[in-house]
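Residue numbers (this note's numbering): 5 to 297.
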């Protein structure tokens with residue numbers, strides 16, 4: 005398929021690379037010039053990238069960025085034609101997604117929200133899990149592209165439902181990790197070996213995918229961004245905004261958002277979101293680490 009891929013960040017670059025490897029005809033654009041994908045064409049603007057494409061695939065930072073690359077100056081909207089699909093793998097506002105879809109729908113263009121989970125390793129290995137909102141027929145048309153970048157597709161309903169589900173997923177990730185980080189901090193302060201605590205967690209019902217994934221990084225003191233704290237913070241704020249729109253109270257997430265705000269003020273916004281642990285460590289006067297670290 006002919007694909008315009010917009011956004012070559014931590015996830016997008018690997019995703020576009022896998023589309024090229026699968027034999028698709030890819031043209032890329034990135035806000036910061038100089039990022040290239042071997043085998044892909046390079047466009048000077050989103051509008052140029054979308055020229056003649058069947059699918060415009062987005063993977064940018066936030067709602068404003070999506071609006072800009074589609075509807076802003078030199079945005080892809082100028083090149084949209086009837087029958088095209090916009091697939092958005094950014095994590096953005098569900099209500100904004102519906103509005104964007106309605107706007108391009110007047111031109112005969114279909115919008116699919118396709119945020120994903122799997123972190124940068126999943127993007128690199130083509131094992132992402134896509135959380136999709138859109139018509140069944142449109143999602144079926146995109147299956148060759150999903151197959152090149154991921155291992156599973158979960159269609160959650162019509163347009164906007166993928167984004168709503170992604171926020172619900174990230175809400176759980178943020179809360180689960182924060183509980184894990186607090187437990188590690190308290191145990192370390194009380195003299196418990198964090199490596200032994202992790203082994204215990206792995207053998208009990210407390211075990212989770214979040215802990216399995218993040219535990220080894222923490223024990224090695226490796227806060228290299230798999231999912232930057234600033235982006236998780238953005239998603240937490242999106243979730244709280246969506247909850248406010250729906251008149252839903254999320255008291256635990258409101259508290260965790262304050263932790264992210266303070267962790268950002270500490271200068272950790274570009275580290276992995278696991279770096280919220282460092283704030284708890286600072287308050288407790290301890291450092292969580294394994295023997296190897």
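We put the CB at the ideal spot given by N, CA and C, even for glycine.
Is DSSP giving residue i helix, strand or coil here?
{"i": "residue 137", "result": "strand"}
{"i": "residue 189", "result": "helix"}
{"i": "residue 130", "result": "coil"}
{"i": "residue 91", "result": "strand"}
{"i": "residue 262", "result": "helix"}
With residue i as the anchor, note down where its beta strand (DSSP E) starts and where it stops.
{"i": "residue 156", "result": "154-161"}
{"i": "residue 6", "result": "6-10"}
{"i": "residue 58", "result": "Note, residue 58: premise wrong, no beta strand (DSSP E); not H, not E."}
{"i": "residue 117", "result": "114-117"}
{"i": "residue 32", "result": "29-33"}
Given that a residue counts as buried once 16 or more other Cβ atoms are within 10 Å of its Cβ, and exposed if not, what is residue i?
{"i": "residue 113", "result": "buried"}
{"i": "residue 81", "result": "buried"}
{"i": "residue 165", "result": "buried"}
{"i": "residue 150", "result": "buried"}
{"i": "residue 103", "result": "exposed"}
{"i": "residue 203", "result": "exposed"}
{"i": "residue 224", "result": "exposed"}
{"i": "residue 253", "result": "exposed"}
Excluding the 5 residues flanking residue i on each side, which residues of the same chain have their C-beta closer than 8 angstroms to its C-beta?
{"i": "residue 265", "result": "237"}
{"i": "residue 283", "result": "263, 266, 267, 270, 272"}
Tell me the residue span of the alpha helix (DSSP H) that contains residue i.
{"i": "residue 107", "result": "98-109"}
Within its chain, find whatever has a CB closer than 6 angstroms to the CB of residue i; leave out the 5 residues flanking it on each side and keep chain order.
{"i": "residue 177", "result": "214"}
{"i": "residue 260", "result": "178, 182"}
{"i": "residue 290", "result": "192, 193"}
{"i": "residue 288", "result": "189, 193"}
{"i": "residue 9", "result": "20, 30, 32, 61"}
Identify, in the order they occur along the chain, each residue of the same chain with its Cβ nearer than 7 angstroms to the Cβ of residue i, setting aside the five sequence neighbours on each side.
{"i": "residue 239", "result": "95, 171, 174"}
{"i": "residue 1", "result": "Outside the shown range of the chain, which is 5 to 297, sits residue 1, and nothing can be said about it."}
Next item on the list: Take every Cβ of the region 241-254, pair it with every Cβ of the region 147-154, and state whether three or more of those distances are shorter than 8 angstroms.
Entry: no
Item checked: At least three beta-carbon pairs within less than 8 angstroms, the region 202-209 to the region 277-287 -> Judged by Cβ distances under 8 angstroms, the region 202-209 makes no contact with the region 277-287, as fewer than three pairs qualify.
Check: Quick one: any contact between the region 27-44 and the region 130-147, if contact means 3 or more CB pairs under 8 angstroms?
Finding: no
Next item on the list: Report yes or no: do three or more beta-carbon pairs, one from the region 183-202 and one from the region 122-142, lie closer than 8 angstroms?
Entry: no
Next item on the list: Flag this pair as touching only if the region 34-52 and the region 128-138 have three or more C-beta atom pairs under 8 angstroms; answer yes or no.
Entry: no
Notebook entry, point to check: Given 8 angstroms as the limit, is there contact between the region 123-132 and the region 65-79, that is, 3 or more CB pairs closer than that?
Noted result: no
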